[in-house]
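Right, one structure below, let's go through it.
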Amino acid sequence: MSCVWVVPILLVLCISTPLSQGSTSATTGTIKVGAIFTFSTVNGKVSKIAMEAAEEDINADPAILGGWKLSLVMHDSNFSGFIGFVGALRFMETDTVAIIGPQSSIMARVLSQLTTELQTPLLSFTALDPTMSPLQYPYFIQTAPNDLYLVTAISDIVSYYRWPEVVAIYTDEDQARNGMNILDNLLLDRHSKLSYKAALPTEATRSDVHEALVKVSSMEACVVVVHTYTKIGLLVFEVAQSLGMMREGYVWIATTWLSTVLDSGSLDVPNPASFQGALTLRQHTPDSQLKREFVQRWKNQLSNGSVGLNPCGLYAYDTVWTIARAVKQFLDQGNNISFSDDTKLNEISRGTLNLRALSKFEGGWKLLNNILQTDVNGLTGPIRFHPDRSVLNPSYDVLNAVKGGGHQLIGYWSNYSALSVVPPEELYGENPPNRSASNQHLNSNVVWPGGAEAVPRGWVFPHNGIPLKIGVPNRASYRDIVRAVNSSSAVAGYCIDVFLAARRLLPYRLPYEFIPFGDGHKNPSYSELVNKITTGVFDAVVGDITIVTDRTKAVDFTQPFIESGLVVVVPMRKMNSSAWAFLQPFTPSMWGMIGLFFVIVGAVIWLLEHRTNDEFRGPPRQQLVTVLWFSLSTMFMAHRENVGSTMGRFVLIIWLFVILIINSSYTASLTSILTVQQLSSPITGIESLVSGNQAIGYQVGSFAENYLMYELNIQKNRLFPLGSPQEYALALSNGTVAAVVDEKPYVDLFLADHCKFSIRGDEFTKSGWGFAFRRDSPVAVDMSTAILGLSENGELERIQSKWLSRKLHCKGDQGGSSDVVGSDQLQLESFAGLFLLCGIACFMALAIYFCYTLYHFKKHCPGGSACIGDGDGGAGPCSSSSTGPVPGRQGWKRKGKSGSGIRRVQRFMSYADDKADVWRLKPKRKRAAEGDDVDDTWKPQTTHSYDDEFRGSGSNGMDSERQKEQQDRHVRFVDNKFSR
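All the letters of the sequence shown, read from the start, carry residue numbers -22 to -1, 1 to 958 under mature numbering (1 follows the signal peptide of the UniProt record, and there is no 0).
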């Protein structure tokens, strides 16, 4: 870029007036500031008036610059970059401390090279290229929000209205080009896209604009962003109106150039109606007393009605004041305004080139830092800069152009809270800001192009567009789903009716052309058919296209119009009844578990009732029979034994509940087995197919082949392609394949005519059929909405009933549906919870019973003694572990600790086996009232024999007959215990 300007620099320097060499100091008391604009433009006129007003106000206040006077020198570039550059050179010759401008970013890049070399700050509120980095252009400052925020606001508006595509028309120069590139990336982040960019020359003619708009009118997207100069922008709208592109359905978004036209209403706009309904943005400036006074002054004094005030005027006024305050601070810091020759220019000066005429501002870097540290309130609000030199709180007003060249405010955008209907300064207190989609709002009273009040969809199928080329599979089997009629381009079937019904719900005309794919003798490859969209052969595919992952990577699908998953079809044989049919309701493991719990529950009840219930006592054989009889009889609620203990009743209640569930389930399953015809197959579902080595059939052209091979890892030599329902039936009947894997809608049609087959297992994939379109096609979205409408109004179900509902053609009760197949045997897993509950109840009861018994054992026989009963549960004496052997019983006592432990366990078992006497459980006070003064425990006698003890016990009020009976029982008990 610098090489381009070598020639003009040389020409200017050749004619320059020689100045003094070396350093110079400003001593005239005048501070010169340059301004480069095209003053014939709207922004140029407004900026000139505002800057002159600022100069006047600064010089009128001695407190600002003291004895210095601000001199604002203006240079009209007259739309020429070369003239603008010459003006900048003139400023460098006349000791200028700062330059305001230029209007275009391309000139700003060139002038920044010059001002950086000569250390002169360059400030601009119109050259807002977002790519001009302060690292590359250190002396360049943008005093207004750059276009990064502008295109971000546009992308948020597009996202708010959910427009899928946008077309951009822009001037082919750095600022507009870079802005549109950023917009493209922002739209992608918001699930939209910039589908086309039409670049116009900087000096575009009407024919250039017409040619670009003709291309835009033939496209599907109808949201158009215009980012250009005022002159070209107005020409774009004028040509668009002549082409009928300002009608209902279109959306036009203009950048800030249109808001300047709307604000400057006094200018002569040739055709205000051409941009009626367009949206535009305007830099937002908060309301303040200072701003209101300046607006009133503008109307009454400054403009004299020649032009309306726009944000450029406010930013121009504040920019001049920013420089003045920075200069004041520069002087207050004790610095001098001085200039010197650039040594680099002196070294390369040759011949007649007077490069020494360009002077360097010695305090330029300090003045630049003072500008960046500005912190005041101006007409545009708070004036501050971030470390990256961006302005504080960038925000915009969102305007809608209305009839008569006026406009209405429909909301605001700010970098803090995005879209809102509340001024941004009222939201700055929120921390953190709420930028969620639900919090984005704009007023709904927008007048769109053509006078429409409803929000345009942002996409319209062009009236002059080429009809969609829609591929349709020409099937050889299941032709009710989709088929070509008589080998022609006419098609029919279930899928076609769904497409036509959905098309009728579209809010626009959709021209199309059906093109059959396939020869009709065999089913085409659906993967190949879908790939035709990516190669441009078809624009869409309508048919029974299964939505799978690989296909969604290449095309866009509509909402599924029918569910479709893979199922397994197998041949079924009738199960004949047998003599052992009554065992079929339960599996062998279930029968085993039931028998085991019968024994467990019976044993638990016996343990809990043995010491207190006479019905659970007696000889071992009798007790075993009692346990088995009791547990088995509970199945029929026919048990005769009474259960008296609390723990026993608790266990019995849980067990009876389990028995109730088991009986009910057994009865229902056996009834089904004996009354419903049963079919059987060794294949129970996809799991048994994967684990085995049987041959598997699949439909030609279906995605099932790839799914079985790559997802389930089934070898290809096990897969057999089948082309029709007749081939299905033949292959299954003769054993060529053990099963067929196909999608549920096809299988339902197959089973309606073939009753010897059935579905085994559940669907092992979940997908559906949809229509395929090219990527990012808005038609796919609208068709999805239409399909949902068909589902809600019942039309989709009616179409399905017309084509896919069949009556069973089977004789008798036999059928192919999986619902007819007998239910599987009841598994143990189904009752695991019941058995677990019963087991826990048994364990808890036994634990409580053991603790209770152990407690009374220690209570009645303290010191480790054990109560030795009479062999039938009667009370007996306590025989201490330290006593000698019982008379007449020699050698029964073991020595050592191990012997003592075994004896203690034996004594506890003997205690637990004895029947607990009722009298021993009564309180002593109650026993005394009944006249029974026998102590709770036997007190051992060491001076006489056991017979003497029993004789002595008769003196406690017992008659001789009872004494003799008790003595006999005791002797029998001792004999039994010690004989072991």
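Each residue gets a CB set at the ideal place from its N, CA and C atoms; glycine is no exception.
Fair warning: this is a prediction, and the values are worked out from it, not measured in the lab.
Segment limits, alpha helix (DSSP H) that includes Arg413: Premise fails: Arg413 is in no alpha helix (DSSP H) and is neither H nor E.
Gln261, DSSP secondary structure in three states: strand
Burial state of Asp73, where buried means 16 or more other Cβ atoms lie within 10 Å: buried
Own chain, CB closer than 6 Å to Val798, minus 5 neighbours either side, in chain order: Confidence is the limiting factor: at Val798 the pLDDT is only 38, short of 50, which leaves the residue's position unreliable and the question unanswerable from this model.
Contact the stretch 332 to 346 vs the stretch 91 to 99: 3+ CB pairs below 8 Å: yes
Exposure label - Asp39; buried when at least 16 CB within 10 Å: exposed
Backbone CA spacing between Glu770 and Ala707 [nearest angstrom]: 37 Å
Buried versus exposed call for Asp497 [16 or more other C-beta atoms within 10 Å across all chains shown]: exposed
Environment of Ser422 [buried if 16+ CB atoms lie within 10 Å]: exposed
Runs of beta strand (DSSP E) lying entirely within the stretch 273 to 328, each at least 3 residues, in chain order: 316 to 319
Residues near Ser(-3) by beta carbon distance below 6 Å, same chain, minus five either side: Note that Ser(-3) has pLDDT 35, beneath the 50 cutoff, so the model's placement of it is unreliable and the number below is only indicative. Cβ within range, chain order: n/a, list empty.
Three CB pairs or more closer than 8 Å across the stretch 274 to 287 and the stretch 235 to 244: yes
Nearest to Gly44 (by Cα), restricted to the options Thr8, Leu638, Thr19: Thr8
Between the CA atoms of Tyr148 and Arg461 - distance to the nearest angstrom: 48 Å
Contact belief for Ile765 with Gln418 at Cβ below 8 Å, rounded distance in angstroms: The pair is not a contact, with the Cβ atoms about 28 Å apart (cut-off 8 Å).
Rounded straight-line distance, which links the Cα of Asn348 to that of Val201: 44 Å
Within 8 Å, strictly: CB atoms of Tyr127 and Asn501: no
Endpoints, the alpha helix (DSSP H) within which Gly65 is located: 59 to 71
Outcome for Val668 when other beta-carbon atoms lying within 10 angstroms are tallied against a minimum of 16: exposed
Continuous beta strand (DSSP E) assignments of at least 3 residues falling wholly in the stretch 724 to 771: 735 to 738, 745 to 751
Alpha carbon of His188 to alpha carbon of Ala105, nearest angstrom: 28 Å
Meets three-Cβ-pair contact criterion under 8 Å: the stretch 708 to 717 and the stretch 636 to 643: no
Contact under 8 Å by Cβ, Ala66 with Leu89: yes
Residue span of the beta strand (DSSP E) that contains Asp54, given as start and end: 47 to 54
Unbroken alpha helix (DSSP H) run spanning Trp391, endpoints: Taken as a continuous stretch (DSSP letters only), Trp391 belongs to no alpha helix (DSSP H), being part of the beta strand (DSSP E) at 385 to 392.
Span separating the alpha-carbon of Ile493 from that of Gln261: 53 Å
Status (buried if at least 16 other CB within 10 Å, exposed otherwise) for Leu576: First, the residue type needs correcting, since residue 576 is Phe and not Leu in the sequence shown. Buried, by the Cβ-count rule.
Classification of Trp897 by the beta-carbon crowding that lies within 10 angstroms, buried from 16 upward: Unreliable placement is indicated for Trp897, whose pLDDT of 37 sits below 50; the coordinate value is still reported in the next sentence. It counts as exposed.
Proximity below 8 Å, CB of Ile135 to CB of Leu257: yes
Test item: CB-CB of Leu50 and Val75 under 8 Å: no
Spatial distance of Gln120 from Val369 (CA atoms): 8 Å
Asn452 versus Arg752: straight-line alpha-carbon distance, rounded: 21 Å
Exposed unless 16 or more other CB atoms sit within 10 angstroms - verdict on Asn464: exposed
Residue range of the beta strand (DSSP E) that includes Pro549: 544 to 549
Range of the contiguous alpha helix (DSSP H) that encloses Ala215: Sequence inspection shows Phe at residue 215; the Ala mentioned does not correspond to that position. 208 to 220 is the span of the alpha helix (DSSP H), which, as asked, contains Phe215.
DSSP state of Lys871 mapped onto helix, strand, coil: At Lys871, the pLDDT of 43 sits below 50, so the modelled position is not reliable; the number obtained from the coordinates is stated separately. Coil at Lys871, not helix or strand.
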